[in-house]
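In our numbering, the protein residues as written are 929 to 1004.
Ideal Cβ positions, reconstructed from N, Cα and C, are used throughout, including at glycine.
Note sheet for the following structure.
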């Protein structure tokens, strides 16, 4: 196609390898954009310990003394 490639030994082979790398890179980006999310680890939502403590107090699992003591420990 290009006359100058004929003067360089293995010019066609190098061009073929470059096209193959370009094609594989495009396929990689396409797979990541379309289906890459299912392979990623799920994002975990970590609750704030103080919020958990407030909920436990609101449900009556702990009394006011325990709540205040645990709250003081968490705020250190």
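Spanning the alpha carbons of residue 961 and residue 952 requires a straight line of approximately 14 Å.
Between residue 1000 and residue 981, the beta carbon gap of about 11 Å keeps them out of contact (Cβ cut-off 8 Å). In the three-state reduction of the DSSP assignment, residue 997 falls in the helix class, which pools H, G and I. When secondary structure is reduced to three states using DSSP, residue 979 falls in the helix class.
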